[in-house]
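There are 2 protein chains.
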Amino acid sequence: MTQATTETERSVKAAFEGLEGGDRGGPGTPASEAWGAFLRAHASLMRVLDSELVRGAELSLSDFDVLIQLRLADGARLRMSELARRALISRSGMTRRAGQLEERGLVARQPDASDRRSVVLTLTDDGAQVLRRALPVHFSGVHAHFLDRLTDDELSQLRDVLEKVVIDCDFG
Amino acid sequence: MTQATTETERSVKAAFEGLEGGDRGGPGTPASEAWGAFLRAHASLMRVLDSELVRGAELSLSDFDVLIQLRLADGARLRMSELARRALISRSGMTRRAGQLEERGLVARQPDASDRRSVVLTLTDDGAQVLRRALPVHFSGVHAHFLDRLTDDELSQLRDVLEKVVIDCDFG
DNA sequence: GGTCGTTTGTTGTAATCGCAACCATATGGG
DNA sequence: CCCATATGGTTGCGATTACAACAAACGACC
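This is the structure in C-alpha cells:
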C-alpha cells in the first residue's frame with residue numbers, strides 16, 4: 137500500500153497532463169500526495185480499528201459510535217435525528233442501528249413528551265456496561281495506530297487543517 | 137447516491153471519556169479533536185465529491201477510482217488484485233466492479249499470458265473518454281472543497297502527518 | 001514428475017447503507 | 001380553525017461491500 141503510492145504518484149504526471157488542472161493539485165505535488173494519504177489513512181485505520189473492536193468487544197465501530205455518542209450526550213439521551221447527525225449517518229440508517237441495539241438490550245426507545253414525532257434513545261445499563269468494556273479496546277487501538285505515531289504538535293496541525301475542509305452537509 | 141463511504145466511518149468525537157488514559161487522548165484535547173475532524177472531513181468530503189461526480193459525469197467515485205488507477209498504470213493495464221490494492225477495495229469487490237465497468241464497455245478483461253490465473257483489466261476507448269469527461273468534474277470538486285482551502289504548507293503537513301498513520305494491511 | 005503451500009479471481013452469503021416515499025406530527029399564516 | 005409547509009421517524013428497495021470458501025494455477029522443493 138505504501139509502495140503503490142510512489143508508483144502512483146510517479147505515473148500520475150503523465151496521466152494528468154493535457155488536463156487543465158494546473159500546478160497546484162497536479163501529480164507529484166503535496167496536494168495529490170496529501171489527498172492520497174488522506175484516503176489511505178482513513179481506509180486502513182477504519183478497517184483495522186473496526187476489526188479490533190469486533191474481535192475484542194463484539195461491537196462494530198458503527199455500534200460503538202452510537203453508544204459513545206449517547207454516553208457523551210446530556211443524560212445519555214438523544215433524539216434519533218440528532219444521534220444520526222452526530223454519528224454521521226442517515227436517519228434511516230439510525231433507525232435500523234437503533235433497532236439492532238434495542239434488540240441486544242443496549243439502548244431503549246422512549247417517546248418524547250414535548251414532541252410526539254420524536255423518539256428518544258437512551259443507554260441502558262447493559263449498554264453502558266458493554267460500552268465500558270469496549271472503550272479500552274478502541275482506546276488502545278486508536279493509541280497504537282494513531283496517537284502514538286503523532287506528536288502533540290502534529291495532532292494540533294491535523295485538527296486545524298482538517299477542520300478547514302469539513303463540509304457542512306446533510307447525511308440522509 | 138452511490139456509497140461514498142467505504143466501510144465504517146463514524147464520528148467518535150471523544151471516545152476516551154472515563155478512561156484514565158491520561159490527558160493525551162482525553163476529550164477536548166487535540167487528539168480527540170483531530171480524530172473527530174478526520175472522520176467528519178472524510179465523511180463529508182466523500183459524500184459531496186461522489187454526489188458531484190455522479191451528477192456531473194454519471195460515474196460513481198468507486199468507478200472513477202478504478203478508471204483513474206487504470207489510466208495511471210503503465211499501459212493502462214493492471215491485474216485485478218493489483219487494481220484492488222490500489223483502489224483500496226477487496227478482490228471480490230474488484231471482481232464485481234470490473235463486471236459493471238465491462239458491461240458499460242469502459243474496461244476490458246484480458247487473460248494474462250504470463251500467468252493464467254490472472255486477469256488483466258484495460259481501459260477501453262470509451263472508458264478513456266468517460267474518464268476524460270469525469271476528470272475535470274472531480275478535480276474541480278477536489279479543488280473547491282480541499283485544495284483551495286489549504287495552503288501549500290498545510291498540504292505538506294497533512295501529507296506528512298497522514299502518511300505516518302497509514303496502516304499497511306490487506307483489503308480483502 | 002509429484003506434492004504442498006501460496007496466490008488469483010470468482011461466487012454465495014450476509015450485512016450495511018442511502019435514497020425516496022410515506023405517515024404522523026409540528027409550526028406558521030390566512 | 002384550516003391549510004401549507006417543514007420536520008421526525010420508519011420502511012421498501014436497490015446498490016455496495018466484505019468475508020469465507022472454492023477451483024485453478026503458480027512456485028518451491030524434493
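Note that the protein sequences, when read in sequence, are chains A and B. Each residue of the first sequence is one higher than the last, beginning at 137 in the working numbering. Each residue of the second sequence is one higher than the last, beginning at 137 in the working numbering. Cβ coordinates follow ideal geometry from the N, Cα and C atoms, glycine included.
In this structure, DSSP gives Leu286 (chain B) a state outside helix and strand, which the three-state scheme calls coil.
Going by DSSP, Val243 (chain B) is part of no alpha helix (DSSP H) but of the beta strand (DSSP E) stretching over 243 to 247. For Leu195 (chain A), the nearest beta carbon of chain B is not closer than 8 angstroms to its own beta carbon. Beta-bridge analysis with DSSP links Val256 (chain A) to A:Arg215, A:Gln246.
Any Cβ of chain A closer than 8 angstroms to the Cβ of Phe200 (chain B) would place that residue at the interface, and such an atom is absent.
Contact between Val301 (chain B) and Leu181 (chain A) holds, with the beta-carbon distance rounding to 6 angstroms and staying under 8 angstroms. If you check each beta-carbon in the stretch 281 to 302 of chain B against every beta-carbon of chain A, the ones closer than 9 angstroms belong to His281, Phe282, Leu283, Asp284, Arg285, Leu286, Asp288, Asp289, Glu290, Leu291, Ser292, Gln293, Leu294, Arg295, Asp296, Val297, Leu298, Glu299, Lys300, Val301, Val302. Between Leu242 (chain B) and Gly229 (chain B), the C-beta spacing is not below 8 angstroms. With a threshold of 8 angstroms between beta carbons, Ala234 (chain A) makes no contact with chain B. For Arg233 (chain B), the enclosing alpha helix (DSSP H) has its first and last residue at 227 to 239. Here the alpha carbons of Val256 (chain A) and Ser292 (chain B) stand approximately 44 angstroms from one another. For chain B, the residues of the stretch 223 to 250 of chain A that bring a beta carbon within less than 8 angstroms of one of its beta carbons are Ala223, Leu224, Ile225, in chain order.
Judged by pairs of C-beta atoms under 8 angstroms, the stretch 278 to 285 of chain A does not touch the stretch 201 to 208 of chain A, as fewer than three such pairs exist. Between the beta-carbon of Ala170 (chain B) and that of Leu294 (chain A) there is about 4 angstroms, and that keeps the pair under the 8 angstroms contact cut. By the CB criterion at 8 angstroms, Arg245 (chain A) and Ser198 (chain A) fall outside the cutoff. Between Val273 (chain A) and Glu188 (chain A), the CB-CB gap stays under 8 angstroms.
Taken atom to atom, the span from the alpha-carbon of Arg222 (chain A) to that of Thr260 (chain A) is near 19 angstroms. DSSP places Phe174 (chain A) in the helix class (H, G or I) of the three-state scheme. Taking a 10 Å sphere around the C-beta of Ser168 (chain A), we find 16 or more other C-beta atoms and assign the residue as buried. In this structure, Leu206 (chain B) places its C-beta atom within 8 angstroms of the C-beta atom of Leu214 (chain B).
Shown here, Ile303 (chain A) sits in coil according to DSSP, grouped into three states, outside any helix or strand.
8 angstroms or more divides the Cβ of Leu298 (chain A) from the Cβ of Ala179 (chain B). Considering only A:Pro166, A:Ser226, A:Ser276, the residue with the shortest C-alpha distance to Cys305 (chain A) is A:Ser226. Closer than 8 angstroms to the CB of Ser254 (chain B) there is not a single CB belonging to chain A.
Listed along chain B is no residue with a C-beta nearer than 7 angstroms to that of Ser217 (chain A); the closest approach is about 15 angstroms. In its chain, beyond the 5 residues on either side, Leu189, Val266, Ala270 have a beta carbon closer than 7 angstroms to the beta carbon of Leu195 (chain A).
For Arg213 (chain B), no CB of chain A lies under 8 angstroms from its own CB, so it is not counted at the interface with that chain.
Only those residues of the stretch 159 to 186 of chain A whose C-beta falls short of 7 angstroms from the nearest C-beta of chain B are listed: Arg160, Gly161, Pro166, Ala167, Glu169, Ala170, Trp171, Ala173, Phe174, Leu175, Arg176, Ala177, His178, Ala179, Ser180, Leu181, Met182, Arg183, Val184, Asp186. According to the DSSP assignment, Ala264 (chain B) belongs to the alpha helix (DSSP H) that extends over 261 to 281.
When the beta-carbon positions are compared, Phe307 (chain B) and Ala220 (chain B) come within less than 8 angstroms of each other. From the beta-carbon of Val190 (chain B), no residue of chain A is found nearer than 7 angstroms; the closest lies around 15 angstroms away. Listed in chain order, the non-local C-beta contacts of Leu286 (chain A) below 8 angstroms within the same chain comprise Leu294, local neighbours out to five positions each way being set aside. When the five nearest sequence neighbours on each side are left out, the beta carbons in the same chain lying within less than 6 angstroms of the beta carbon of Met216 (chain B) are those of Met230, Val255, in order along the chain. Ranked by how close their Cα comes to the Cα of Arg183 (chain B), the residues B:Ile303, B:Asp289, B:Gly277, B:Asp288 have B:Gly277 in first place.
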